[in-house]
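J.: Per the numbering used here, the sequence shown starts with residue -5, numbered consecutively.
Pasting a structure below so you can have a look.
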Amino acid sequence: MTEDSPAIAPMKTKAKVPLAPVRTPVIQSVWTWFWVALLAACIPMLVIYFSRMWRLDHYQYFPFAIGAVAWLAWSRSDRYFYAPSRISSLLLIAVGVLAMIGSWSLRSPWMMSIAFVCYAAACLSVMRGPHDKSLLILALPLLLLIRLPLGYDQLLVIQLQHLTTMMSSLLLDVLSIPHAVTRNVIELPSRELFVAEACSGIQSVFTMAFLSTLIVAINRRKLWLAPFYLIIALILAAGGNVLRVTMVAVADQWMSLDLASGWAHDILGYTTLAISAFFLWSFDGMIMTLMHVTGTTADEHPDNPVLHLWNWFVDDGQNVDAVGEYYRSNQPVSDPKDLGFQLQLARLLGRLQAKPIAAAMAVLGVVLISVSSTSAMKVSAIGVEEGAQGMFVDGLIFEPPVKFISSGNSGFRLNEHQQSRDGDNPILGQNADVWTFESMVNGVPVRGQFVLSQTYAEWHELCLCYENQDWRLLNRVLESTDASEPEAADSEFQPFAYALFGGDTDARGHLWYSAITPSGNFVYPPERPGQIGNRLAEAADGLDEVIEPMMMLQLWVVAPQKLDASTIDRIDEMFDGLRQKIATAVKAANGGSAIGPDDQAEANLEVSS
């Protein structure tokens, strides 16, 4: 070949390009209809659940939670639904199915919320995208859709209000603002400031908890960091509420401005929320700065188990520095042949990809929606919170002697007796006796309702009933009167519960309630609302008692404005005297000396109030 000869080009061979797997169109995929069927089956019950949740100010973030998760899943995924080929997804589906069956059986929308979150988490765990092997982290904000059961969310709010009141009082002392503290009320010279109202609205501890989980999901942080984010959110929520209460008091005393209501209250709330959210984002930046992967070289400690463990804990895939890239480039790549059970399960489920099975999934979805709709219609008729808890015991502890209870009372009158039996009025209980309560206290007319309902298997937390009637629980404490203190040494003496409620107006609801057993003894009100909370408290205190059936006594008073402390103390004495009178009658009746209807008024069982 001479130099002038044309160069011979190298022979070109056509490289074989591996065939991409053919995927079934998303609309025809079996697993699209599978996930749609499970999630859609929850909707009828969720409509009731979310409508109830919307009544509570501190849960009104839930539309943002659902919208944020949907947007993140849409933007990060390849927009395809996969089979539940992971053990975690199968376990979540199993829990969701159990919760759904429980929701249908008990007619409980709350249990359906658990099923919905489990199904959504299972779906997200097998979804993937260009930068994510799994979207399970996006399910974290959805956990905040599940209410704490049996009023524990309200108890948490009340405990934080106690903390807010104490810290705000200390800060007001530093600012030399005169004030007095009564429970959750800060009394200023010109007004009374309810901490529960000053801290109301969407800017709550649950909103901060939602923001913390959202930050973890957006930044793809490790799941084990979520509890630390929640703790910081709790602290920042308390700090934000202290700032709000202090600003309201300062504005009232120094500038004569009312920041406790109206648009000014909303602006102050969103401002403190923004400040708390900024500090929460700053905490995330600190986590990013401190918890980064650490690379090693062949000369340094290539097999250091401590460094490998540290990198496994902190690597979230977001470190873009040279050390992080070096660490990940040296990680062993899993051989698909060694995936074992997960690969075999994926192949097995892949065989189900057929049009008849997709149609069967669609039919399954229709059936599940129909069953949920039927159950939801029953929920709207008889709610779990309206007396259908299944916690009643057959029979009566005590047939109330009407004339005896109505007569001989000092300072108040009980009139217009009404009686319901065998569930005629499920809101008041299986068997209830109702009187109209009337009194004149310190020149103020007080009118309410006294109810004796029976028979309950355990303590029935009446606060939950009034919260479901759109009353907002402001405070719940245990009370005793001066007349009862000499009897405190008696093992049969127990305090009674008092709760204060607020609403959309200036009206205040006052609830006094207690329980009496067939032996005529009082039941100690649980510190934690709810029968399960009572059981847990007793277990923690080492108590091992047989719980007797009981009847509940309650006095419900609605006042146009807040009753002063002296009026409440006086009604405390009235209620305490009335409950002791009834307890004595119960003890006498069950002891064999029943009180006849004709001589009830003459029975000398009255307790001065």
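Every residue, glycine too, gets a C-beta built ideally from N, C-alpha and C.
Quick caveat: nothing in here was measured; it's all calculated off a predicted structure.
So His156 packs on Ser163, CB below 8 Å; how close in whole Å?
T.: Position 162 of the sequence shown, counted from the first residue, corresponds to residue 156. Position 169 of the sequence shown, counted from the first residue, corresponds to residue 163. Between His156 and Ser163 a beta carbon distance of about 11 Å is seen, past the 8 Å cut, so the two are scored as non-contacting.
J.: Take Gly234 and list the residues in its own chain whose beta-carbon comes closer than 6 Å to its own, dropping the five residues that flank it on each side.
T.: Taking the first residue of the sequence shown as position 1, residue 234 is located at position 240. Counting only Cβ-Cβ distances below 6 Å, and skipping sequence neighbours, we find Thr266 and Ser270.
J.: Excluding the 5 residues preceding and the 5 following Tyr518 in the sequence, name in chain order all residues of the same chain whose CB lies nearer than 6 Å to its CB.
T.: What you label residue 518 is simply residue 524 of the sequence shown in a count that begins at 1. The residues are Gln488.
J.: Within this structure, are the beta carbons of Met121 and Tyr76 separated by less than 8 Å?
T.: Residue 121 sits at position 127 when you count from the first residue of the sequence shown. Residue 76 sits at position 82 when you count from the first residue of the sequence shown. Yes.
J.: Mapping the DSSP letters down to three states, classify Glu473 as helix, strand or coil.
T.: Along the sequence shown, read from residue 1 onward, the residue named residue 473 stands at position 479. Glu473 falls in the strand class under three-state DSSP.
J.: Classify Met371 as buried or exposed, calling it buried when 16 or more other Cβ atoms lie within 10 Å of its own Cβ.
T.: Reading the sequence shown from its first residue, position 377 is the one you call residue 371. Exposed: under 16 other Cβ atoms inside 10 Å.
J.: Using 10 angstroms around the beta-carbon of Lys575, count the other beta-carbons present and answer buried if the total reaches 16, otherwise exposed.
T.: Taking the sequence shown and counting its residues from 1, the one referred to as residue 575 is at position 581. Its Cβ being crowded by 16 or more others within 10 Å, Lys575 is buried.
J.: Find the nearest neighbour of Leu422 within the set Gln463, Gly496 and Met434, judged by alpha-carbon distance.
T.: Position 428 of the sequence shown, counted from the first residue, corresponds to residue 422. Closest by alpha carbon: Gln463.
J.: Would Val445 and Val551 qualify as a contact pair, given that the criterion is a beta-carbon distance under 8 Å?
T.: To locate residue 445, count along the sequence shown from 1; it is residue 451. To locate residue 551, count along the sequence shown from 1; it is residue 557. Against a cut-off of 8 Å, the Cβ pair of Val551 and Val445 comes out as no contact.
J.: Do the CB positions of Leu468 and Asn178 come within less than 8 Å of each other?
T.: Here residue 468 refers to the residue found at position 474 of the sequence shown. Here residue 178 refers to the residue found at position 184 of the sequence shown. Their beta carbons are under 8 Å apart, which means Leu468 touches Asn178 by this criterion.
J.: Since Val236 and Met161 are thought to touch, with beta carbons under 8 Å apart, how far apart are those beta carbons, to the nearest angstrom?
T.: As a working note, residue 236 is residue 242 in the sequence shown. As a working note, residue 161 is residue 167 in the sequence shown. That pair is a contact at about 5 Å.
J.: Please list, in chain order, all residues of the same chain as Val239 whose beta carbon is under 8 Å from its beta carbon, the five residues on each side excluded.
T.: On the sequence shown, residue 239 is found 245 positions in, with the first residue counted as 1. Thr158, Thr159, Ser162, Ile180, Leu187, Val189, Ala192 and Cys193, listed in sequence order.
J.: Looking only at C-alpha atoms, which of Trp218, Thr201, Gln413 and Tyr113 sits nearest to Ser82?
T.: Within the sequence shown, the letter at position 88 stands for residue 82. Checked all of Trp218, Thr201, Gln413 and Tyr113; the closest Cα to Ser82 is Tyr113.
J.: Quick check on the burial criterion: 16 or more other C-beta atoms within 10 angstroms. Buried or exposed for Asp72?
T.: Walking along the sequence shown from the start, residue 72 turns up at place 78. With fewer than 16 other CB atoms across the displayed protein chains lying within 10 angstroms of its CB, Asp72 is exposed.
J.: Tell me the DSSP secondary structure of Leu149 in three-state form.
T.: Start at 1 with the first residue of the sequence shown, and residue 149 comes out as number 155. DSSP places Leu149 in helix when its eight states are reduced to three.
J.: Whose CA, out of Tyr53, Ala109 and Leu134, lies closest to the CA of Val210?
T.: Here residue 210 is taken as the residue at index 216 of the sequence shown, counted from 1. Considering only alpha carbons, the answer is Leu134.
J.: State the beta-bridge partners of Ala426 as determined by DSSP.
T.: The residue given as residue 426 occupies position 432 in the sequence shown. Answer is Ser414 and Ser447, bridged to Ala426.
J.: Just verifying my parser: in three-state terms, what is the DSSP assignment at Val517?
T.: As a position in the sequence shown, residue 517 is number 523, starting the count at 1. Val517 sits in coil when the DSSP states are folded into three classes, being neither helix nor strand.
J.: Distance, Cα to Cα, Pro394 vs Asn584?
T.: Numbered from its first residue, the sequence shown carries residue 394 at position 400. Numbered from its first residue, the sequence shown carries residue 584 at position 590. Cα to Cα, Pro394 sits roughly 12 Å from Asn584.
J.: Between which two residues does the beta strand (DSSP E) carrying Ser508 extend?
T.: Start at 1 with the first residue of the sequence shown, and residue 508 comes out as number 514. Per DSSP, Ser508 belongs to the beta strand (DSSP E) from Arg502 to Ile510.
J.: Short check: CB of Val175 to CB of Leu136, under 8 Å?
T.: Your numbering for residue 175 matches position 181 in the sequence shown. Your numbering for residue 136 matches position 142 in the sequence shown. In this structure, Val175 sits away from Leu136, with a CB-CB distance that is not shorter than 8 Å.
J.: Would Met544 pass as a contact of Trp453 if the rule is Cβ separation under 8 Å?
T.: Position 550 of the sequence shown holds residue 544. Position 459 of the sequence shown holds residue 453. In this structure, Met544 places its C-beta atom within 8 Å of the C-beta atom of Trp453.
J.: Using the C-alpha atoms, what's the distance from Asn419 back to Trp218?
T.: Counting from one through the sequence shown, the residue named residue 218 turns up at place 224. Counting from one through the sequence shown, the residue named residue 419 turns up at place 425. Taking the straight line joining both Cα atoms gives about 49 Å.
J.: Over the uninterrupted alpha helix (DSSP H) stretch that includes Phe204, give me the two end residues.
T.: Taking the first residue of the sequence shown as 1, we reach residue 204 at position 210. It spans Val199 to Ile212 - the alpha helix (DSSP H) in which Phe204 sits, taken as one unbroken run.
J.: Classify Ser255 as buried or exposed, calling it buried when 16 or more other Cβ atoms lie within 10 Å of its own Cβ.
T.: Taking the sequence shown and counting its residues from 1, one reaches residue 255 at position 261. So Ser255 ends up on the exposed side.
J.: Run through DSSP, which three-state label would Asn584 get?
T.: For this step, residue 584 is matched to residue 590 along the sequence shown. Secondary structure of Asn584 (DSSP, three-state): helix.
J.: Considering Glu461, what are the terminal residues of the alpha helix (DSSP H) in which it resides?
T.: In the sequence shown, the residue the question calls residue 461 occupies position 467. Leu456 to Glu461 is the extent of the alpha helix (DSSP H) around Glu461.
J.: For Glu410, does the count of other Cβ atoms within 10 angstroms reach 16, so buried, or fall short, so exposed?
T.: The count along the sequence shown starts at 1 and reaches residue 410 at position 416. Counting Cβ neighbours within 10 Å, Glu410 comes out exposed, since fewer than 16 surround it.
J.: Taking all protein chains shown into account, do 16 or more other C-beta atoms lie within 10 angstroms of the C-beta of Ala268, making it buried, or fewer, making it exposed?
T.: The residue labelled residue 268 in the question sits at position 274 within the sequence shown. Its Cβ having fewer than 16 others within 10 Å, Ala268 is exposed.
J.: Which same chain residues, not among the five before or five after Arg604, have their C-beta less than 8 Å away from its C-beta?
T.: Only positions -5 to 603 of the chain appear in the structure, and residue 604 is not among them; the question remains open.
J.: So, at 8 Å on beta carbons, what are the nonlocal neighbours of Phe44 in its own chain, with the 5 sequence-adjacent residues on each side left out?
T.: Here the question's residue 44 lines up with position 50 in the sequence shown. Answer for Phe44: Phe56, listed in chain order.
J.: Do the CB positions of Ser119 and Leu86 come within less than 8 Å of each other?
T.: Taking the first residue of the sequence shown as 1, we reach residue 119 at position 125. Taking the first residue of the sequence shown as 1, we reach residue 86 at position 92. Ser119 is a Cβ neighbour of Leu86, given a cutoff of 8 Å.
J.: Please report the residue range of the beta strand (DSSP E) in which Thr176 lies.
T.: The residue given as residue 176 occupies position 182 in the sequence shown. Note, Thr176: beta strand (DSSP E), Ala174 to Thr176.
J.: First and last residue of the alpha helix (DSSP H) that includes Phe273?
T.: As a working note, residue 273 is residue 279 in the sequence shown. Counting along the chain, the alpha helix (DSSP H) containing Phe273 begins and ends at Gly256 to Leu284.
J.: Buried or exposed: which applies to Leu40, given that a residue is buried once 16 or more other Cβ atoms fall within 10 Å of its Cβ?
T.: The sequence position of residue 40 within the sequence shown is 46, counting from 1. Counting Cβ neighbours within 10 Å, Leu40 comes out buried, since at least 16 surround it.
J.: Below 7 Å CB to CB, which residues in the same chain sit around Pro183 once its five sequence neighbours on both sides are set aside?
T.: The sequence position of residue 183 within the sequence shown is 189, counting from 1. Cβ neighbours of Pro183 beyond the five flanking positions: Pro172.
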